[in-house]
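Each remark here refers to the structure printed beneath this line.
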Amino acid sequence: MASTLALGSGAASAAQFSSAAGRYRIDPASRIGFSIAQVAGPGINGTFPGISGRFDIDADHPAQSYVEITLNPASVKTGQERVENFLRSSAVFGVADYPQITFRSSRVVQDGPRSALVEGTLTAKGVSRPETFHATFVEQQAGTVTFHVTGNIFRVPYGMGIGVPLYSNTVAFDMDLKGIR
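The opening position of the sequence shown corresponds to residue 1 in UniProt numbering, with each subsequent residue numbered one higher.
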């Protein structure tokens, strides 16, 4: 299943988006949240505070815009130490052998005045697969821009299928990515 990433802002005008063109580094305080549903249970919800990356916005040629995100799966937070340790184990992220998860865009398709589909390659646990996210431009302030990004991926193809079907194969991502010039 392809995932969708969206960036956008209800209040931003096309002129504001155009003025946001340029290269940004991702603020480490940006938020990457995830959730995995569970049959008859609360599921797993968490965040990855250890993120880095960059993005380039080309307002004149949106398809040439670029996103690269790296997260440290060992940084996973769920509020439950036992769950966090399990997620870090070889059964799921395998952080001892795979200390990073990366996404690199290959194509950006603008699908609205302030939003785009971002297609690219997600690499996790040594497996690289095409995924798509939906990004929505949220705001621009002095030297910063913020995007809201959403998407769903299947975890089984990445070798993280433990617990399926009790826990869903689908991982839903909800991200707030802030870029700093």
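Even for Gly, the Cβ is constructed at its ideal location relative to N, Cα and C.
It should be emphasised that the depicted structure is a prediction, and the values quoted were computed from it without experimental measurement.
Cβ separation of residue i and residue j, assumed to be a contact under 8 Å, to the nearest whole Å
i   : j    : result
R23 : M175 : Between M175 and R23 the Cβ distance is about 19 Å, and since that is not below 8 Å, they are no contact.
D27 : G151 : With a Cβ gap of about 20 Å, D27 and G151 do not count as contacting.
Under the three-state DSSP convention, the category residue i falls into
i           : result
F93         : coil
residue 210 : Nothing about residue 210 can be reported from this structure: the residues present for the chain run from 1 to 181 only.
N29         : Note on identity: in this sequence residue 29 is Ala, with Asn being the wrong assignment. Coil.
Y158        : helix
A74         : helix
S18         : helix
Span separating the alpha-carbon of residue i from that of residue j
i           : j    : result
D60         : G112 : 14 Å
D136        : G41  : Before going further, note that residue 136 is Thr rather than Asp in the sequence given. Cα-Cα distance, rounded: 31 Å.
V145        : L177 : 8 Å
I101        : Q110 : 25 Å
A96         : F173 : 23 Å
residue 183 : V108 : Outside the shown range of the chain (1 to 181) lies residue 183, about which nothing can therefore be said.
Cβ-heavy atom distance, residue i to the ligand GDP, below 7 Å
i    : result
N152 : Among the components modelled here there is no ligand, and therefore nothing to report on the ligand GDP.
Point to revise | Segment contact flag, the segment 113-126 with the segment 149-159, C-beta cutoff 8 Å, min 3 pairs | key: yes
**Study point:** Touching by the beta-carbon criterion (3+ pairs, under 8 Å), the segment 68-83 and the segment 38-56
**Key:** yes
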